[in-house]
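Residue numbers (full-length UniProt numbering): 3 to 328.
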Ligand code: ES4
Ligand code: ZN
């Protein structure tokens with residue numbers, strides 16, 4: 003179909019991608035073997051069978067389990083370069099990657115090991131694949147504010163390798179206010195703030211992310227439609243939402259793709275972008291996310307073009323770099 007080839011060939015940006023969420027079962031097994039780690043799965047099919055989620059927490063349990071095979075700098079490089087190759091096939095020109103240092107430092111892996119491996123893959127992606135990228139350090143919201151602050155301090159020697167800070171993991175019960183001080187500190191360093199909000203959590207968490215963390219984008223944010231004043235604010239201030247359609251259906255934020263509210267979000271004149279979140283776990287990379295919403299919601303060429311353009315506009319690229327890519 004013409005719209006399918008249009009989607010496949012469209013230059014794209016990806017703004018909501020957890021690099022640890024790109025760990026494919028094949029690489030998980032290879033790294034487990036290389037690092038002599040015993041996985042709780044006997045086969046690739048057993049792994050895939052475990053990827054049946056009922057909500058965010060049921061996914062996170064498996065996600066933190068999976069990342070335990072990442073030990074050496076080379077492992078982080080292998081993970082990220084595999085993603086960049088995949089991104090290249092999806093016509094991605096720019097990506098802003100989340101990583102979860104606490105998921106590694108809590109297991110005794112040095113911060114330097116993690117960031118050095120990722121950085122090497124980023125350099126290669128730019129040189130060999132023509133993909134520009136930036137790293138967004140995410141704080142795990144189920145851990146303490148003190149742990150987040152210690153993580154930021156540990157990261158500051160690598161300040162120049164970081165684009166921004168984010169907030170992810172279990173949303174319910176961990177409102178943005180918990181991380182007000184660490185975001186303040188990160189902003190002082192010139193790190194650009196974003197946060198997951200309004201995925202499972204209420205609209206009040208989106209308000210808090212804006213007012214207390216002063217975020218420049220909302221990750222997910224799909225529950226904003228429950229609050230008319232919030233929608234007006236997001237539209238007036240052109241705050242981008244990084245929406246992840248396949249993720250939302252897999253984690254049961256919406257029962258089916260046909261019930262996804264992306265089209266309503268567009269109608270409210272919000273700056274909606276399409277992203278893949280944790281593609282190895284949710285069944286598709288960026289092109290698949292575009293195809294799935296297009297099919298389910300009957301989006302036309304204009305809407306698809308708008309979504310892809312929004313990805314570049316909402317990125318943290320400079321105005322001149324945006325101009326070159328748009
Ligand atoms: C995540 Cl989908 C999602 N939500 C919150 N935290 C996350 N970490 C990785 N994927
Ligand atoms: Zn996410």
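Note that beta-carbon positions come from the ideal geometry of N, C-alpha and C, so glycine has one too.
In the three-state scheme derived from DSSP, where H, G and I count as helix and E and B as strand, residue 275 is classed as strand. Of the other Cβ atoms in all chains shown, 16 or more fall within 10 Å of the Cβ of residue 223; this residue is therefore buried. The beta carbon of residue 106 sits no closer than 7 Å to any heavy atom of the ligand ZN. Rounded to the nearest whole angstrom, the C-alpha separation of residue 300 and residue 199 is 27 Å. Residue environment analysis places residue 114 among the exposed positions, since fewer than 16 neighbouring C-beta atoms fall within 10 angstroms of its C-beta.
With contact defined as three or more Cβ pairs closer than 8 Å, the segment 276-287 and the segment 236-248 are in contact. Taking residue 20 as the centre and dropping the five residues before and after it, the same chain places the C-beta of 100, 280 closer than 6 Å to its C-beta, in chain order.
Residue 41 sits away from residue 55, with the two beta carbons spaced by 8 Å or more. Counting C-beta pairs closer than 8 Å gives three or more between the segment 76-90 and the segment 118-129, which meets the contact rule. Taking 4 residues as the shortest admissible run, the segment 44-102 contains the following complete alpha helix (DSSP H) segments, listed from N- to C-terminal end: 46-52, 58-68, 75-91. For the set 18, 138, 174, 39, the Cα lying nearest the Cα of residue 59 is the one of 174. According to the DSSP assignment, residue 141 belongs to the beta strand (DSSP E) that extends over 134-142. In this structure the segment 203-214 does not touch the segment 157-164; the number of beta carbon pairs closer than 8 Å is below three. Per the coordinates, the alpha-carbon of residue 79 lies some 37 Å from the alpha-carbon of residue 260.
If you compare the alpha carbons of 210, 158, 132, 39 with that of residue 192, the shortest gap goes to 158.
Shortest gap from the CB of residue 229 to any heavy atom of the ligand ZN: 7 Å or more.
When DSSP states are grouped into helix, strand and coil, residue 184 belongs to the helix group.
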